[in-house]
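Undergrad: Sequences listed follow chains S and G, in order. Each residue of the first sequence is one higher than the one before, starting from 0 at the first, in numbering that gives the first Met the number 0. Each residue of the second sequence is one higher than the one before, starting from 0 at the first, in numbering that gives the first Met the number 0. Just so it is clear, CB atoms sit at the ideal spot from N, CA and C, and this is done for glycine as well. The model shown is predicted, which means the values in this text are computed figures rather than measured ones. Here it is, the structure, as C-alpha cells.
There are 2 protein chains.
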Amino acid sequence: MDKRFEKICILGAGNLAWNLAQALHRAGHKVIEVFSRTREHAEELAKITEGRWTTDLAGTGRDADIIILALSDNAIEYALESVNPGDSLVVHTAGSIPLEIFRDRAVNYGVFYPLQTFSRKRLVDFSGVPVCLEANNEGNLEKLERLAGTISGSVYRIDTQQREFLHLAAVFACNFSNHMYHIAEILMKEKGIPFDIMQPLIAETSGKITGISPFDAQTGPAVRNDENVIGKHLDLLSSMPERQKLYKLITDHIRSCHGR
Amino acid sequence: MDKRFEKICILGAGNLAWNLAQALHRAGHKVIEVFSRTREHAEELAKITEGRWTTDLAGTGRDADIIILALSDNAIEYALESVNPGDSLVVHTAGSIPLEIFRDRAVNYGVFYPLQTFSRKRLVDFSGVPVCLEANNEGNLEKLERLAGTISGSVYRIDTQQREFLHLAAVFACNFSNHMYHIAEILMKEKGIPFDIMQPLIAETSGKITGISPFDAQTGPAVRNDENVIGKHLDLLSSMPERQKLYKLITDHIRSCHGR
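What follows is the structure, given as C-alpha cells:
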C-alpha cells in the first residue's frame, strides 16, 4: 500500500482528536494545525504533534490536504459556517451526522468514523480500532482508505444509513452495557460488597462473544424462563421501582427474543 | 495455609459441576463420586476426575467429607429429599438459594458460590474466580475457606442476603449486558454490518471499569443529555416498538442517575 504522508489539520482537541492526532503524527503524517476553542488544549496537543495551534476557526485548514472535524455533533455545523475547505478533503468523525452535511459546502468530503470510546487519560492503540469510511467519490474514499490504513488494521466502507445504525448499536453495546455495570455497582454497594468481585464475570461475559454470538451466549433466569428467580429479583427491587421496571422490561425482551 | 485434601462428592455434571470438579481434582482433592441423572455426563466427568459415578441420588455422598450440590435451583430442593449427608459438610452453589434451605436436613452445611459464568466447552481458570462462602458455623466456614483457597485466589465471606443482591447484580452486569450486545448484533445485521466491528469497543468498555467506576466511565448521548442524537435514535427504532421502549427507559435511567 502506498503510504503517502498527508498534511492534516485537526479541528478539535477533545477525546477523539487527542487520540487521533497523535496516532496520525506517529504514523508519519504532518499534523500541521490544531484548532480548539480552549487555548490550553490546542496548544498542548499541537506541541505533542509538532504543529501550530489556533483558537480561531476562520482560515483554518487552508494549506492542509485533509481537514478533520473531530468535534461534537453540534459544533460540526457551526464550524462549517467558518471553515472554507477549498480543494482540501474535509471529513467529520461523527456516528450520527450524515455525509451530506458537507454538500454545497465542500468539493471533496467524507466521513472518518473510528468506532471506539476515547479518553485523554489513556491513549488507545489505534491499530485495533475499526475505522468506518464514506466519501463523496471513489477517489476520496481511496484517499481515506490509504490514510486509515496507516493507523488501523480494520478499515471499512460504511455508508450514512449503516453508520446511523452502527452508532445506535454502539449505544446499546457500549453505553447501555456500561449502565448495567453501574446498576450492579449500586446494588452491591447497598449490601457492602466490593465491586471488584464482579470484575472476572464482566471480563468473561464480554470475552465470550468473540467466539460465539451474543444470542448463543445468553445465560441467566430470563433465557431459562426461571419464574422463581425472576420473582425473587423483582421482590428484591420492590423498593426501587425504576430499577424494577428496567429489570422487568429487559427480562421480557430476552424472553421474547428467545421465544420463551 | 493447611492444604488438606478432601474427599468430595459432586452432585451434578452441568456447566458449573464440570468446571468445579476438574479444578478440585487438579488441586489434589479426591472427587470420589459424581452424580448426574444423565448417565453419559456422570460417566464422562467421573472418568476425568478419576472417581466413580452414579445416576441414583439415594446413598450418594456417604463416604465424602464434602458434598457439593452443583445443581439447578429447582433440583436442589428435590435432591435434598433423597440425600442424607450425615456428618458430611453439604453445600450448594446457587446464588439465589438461602443457606437455611439445609436447616433440619443437615448438621454441617454451607454455600459455595463461584461468581462466574461456566460452560462445558471451555474450562475456566478457577484461580481468578471469586468464591463466595457461607456456613452454619465458624468451623465449617473455615473448612470451606481452606477448600476454596486451594483453587481460587479470591475467597469472600458473603451471607445469604448479600448473595441474593450479588446474584441480582450479576444478572444486570452479565446477563443484561450480554443482551445489549445481542440487540446491537440485531441492529447491525439489519444493515449488513459484521458484528466483528463492535468487538474492540466492547472490549474497551468492559476493560475500562477495572480502572474507574462504571459511573465515571459512562459515555454516550444519554449522559450528555444530547436530545438531538436521542431523538434520531428513537426515530431509527420507530419500527421496533419494544426496542424503542427499552432505549427510552435505559436512557431515562442513565439521565436520572447522572442528574440530567
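Could you check if Gly138(S) is buried or exposed, using at least 16 other CB atoms within 10 Å of its CB as the buried criterion?
TA: Exposed, because fewer than 16 other Cβ atoms sit within 10 Å of the Cβ of Gly138(S).
Undergrad: Report yes or no: do three or more beta-carbon pairs, one from the stretch 64-81 of chain S and one from the stretch 2-13 of chain S, lie closer than 8 Å?
TA: These segments touch.
Undergrad: Taking 7 Å as the threshold (beta carbon to beta carbon), is Thr92(S) in contact with chain G?
TA: False, the Cβ-Cβ gap to chain G never drops below 7 Å.
Undergrad: Between which two residues does the beta strand (DSSP E) harbouring Val228(S) extend?
TA: Not the beta strand (DSSP E): Val228(S) falls in the alpha helix (DSSP H), residues 226-235.
Undergrad: Considering only residues of the same chain and omitting the five flanking positions on each side of Val30(G), which have a CB-CB separation below 7 Å?
TA: Once the five neighbours on either side are set aside, the close Cβ partners of Val30(G) are Ile7, Ile9, Ala20, Leu23, His24, Thr48, Gly50.
Undergrad: Tell me whether the beta-carbon of Arg162(G) lies closer than 7 Å to the beta-carbon of Tyr112(G).
TA: Yes, they are a contact pair.
Undergrad: Going by DSSP in three states, Val82(G) sits in which element: helix, strand or coil?
TA: Coil at Val82(G), not helix or strand.
Undergrad: Counting along the chain, where does the beta strand (DSSP E) carrying Cys8(S) start and finish?
TA: Taken as a continuous stretch (DSSP letters only), the beta strand (DSSP E) holding Cys8(S) covers 6-10.
Undergrad: Considering only residues of the same chain and omitting the five flanking positions on each side of Glu99(S), which have a CB-CB separation below 8 Å?
TA: These residues qualify, in order along the chain: Thr159.
Undergrad: Since I believe Thr54(G) is in contact with Arg36(G) (beta carbons under 8 Å), could you give me their beta-carbon distance rounded to a whole number of angstroms?
TA: Indeed, because the Cβ distance is near 6 Å, the residues count as touching under 8 Å.
Undergrad: So which residues on chain S does Pro199(G) lean against when the C-beta distance must stay under 8 Å?
TA: What Pro199(G) touches in chain S: Leu114, Gln115, Gly127, Val128, Pro129, Ser153.
Undergrad: Tell me, please, whether the CB atom of Gly148(S) is closer than 7 Å to any CB atom in chain C?
TA: In the displayed structure, chain C is absent; the protein chains listed are S and G.
Undergrad: Go through the stretch 120-162 of chain S residue by residue and report every complete run of the beta strand (DSSP E) that reaches 3 residues or more, in order.
TA: With a minimum length of 3 residues, the continuous beta strand (DSSP E) runs that stay inside the stretch 120-162 of chain S are 130-134, 154-156.
Undergrad: DSSP puts Thr53(G) in a beta bridge; with which residues?
TA: For Thr53(G), which the question treats as bridged, DSSP gives the partners Phe34(G).
Undergrad: Provide the residue span of the alpha helix (DSSP H) that contains Phe194(G), from first to last.
TA: No alpha helix (DSSP H) contains Phe194(G), which DSSP labels as neither H nor E.
Undergrad: Take every Cβ of the stretch 144-154 of chain S, pair it with every Cβ of the stretch 171-182 of chain G, and state whether three or more of those distances are shorter than 8 Å.
TA: In short, these stretches do not touch, since the Cβ pair count stays below three.
Undergrad: According to DSSP, what are the bridge partners of His91(G)?
TA: Answer is Leu68(G), Val110(G).
Undergrad: Which chain S residues are close to Met179(G), counting only those with a beta carbon under 8 Å from its beta carbon?
TA: The answer, in chain order, is Phe171, Ala172, Phe175, Ser176, Met179.
Undergrad: Within the same chain, show all residues whose beta-carbon is closer than 7 Å to that of Leu122(G), passing over the 5 residues directly before and after it, in chain order.
TA: Closer than 7 Å at Cβ, skipping near neighbours: Asn18, Gln21.
Undergrad: Rank Leu56(G), Phe125(G), Ala134(G), Glu32(G) by C-alpha distance to the C-alpha of Leu79(G) and give the top, closest one.
TA: The option with the nearest alpha carbon to Leu79(G) is Leu56(G).
Undergrad: Since Met239(G) is in the alpha helix (DSSP H), which residue starts that stretch and which ends it?
TA: First-last for Met239(G): undefined, no H or E at that position.
Undergrad: Does any C-beta atom of chain G lie closer than 7 Å to the C-beta of Ile208(S)?
TA: Yes - at least one Cβ of chain G is within 7 Å of the one on Ile208(S).
Undergrad: Mind pulling the chain S residues with CB within less than 7 Å of Glu141(G)?
TA: What Glu141(G) touches in chain S: nothing, since even the nearest Cβ is about 20 Å away.
Undergrad: Would Pro193(S) be called buried (16 or more neighbouring beta carbons within 10 Å of its own) or exposed?
TA: Flag for Pro193(S) reads exposed.
Undergrad: Going by alpha carbons, who is nearest to Ile150(S) out of Asn136(S), Pro129(S), Phe164(S)?
TA: Out of Asn136(S), Pro129(S), Phe164(S), Pro129(S) has the C-alpha closest to the C-alpha of Ile150(S).
Undergrad: Give me the chain G residues within the contact set of Val228(S), using Cβ-Cβ distance strictly less than 7 Å, ordered along the chain.
TA: In chain order: Asp72, Ser95.
Undergrad: Under 7 Å between the Cβ atoms of His181(G) and Pro213(S)?
TA: In contact: His181(G) and Pro213(S) (Cβ atoms closer than 7 Å).
Undergrad: Could you have a look at Arg254(S) and say whether DSSP puts it in helix, strand or coil?
TA: Reduced to three states, the DSSP call for Arg254(S) is helix.
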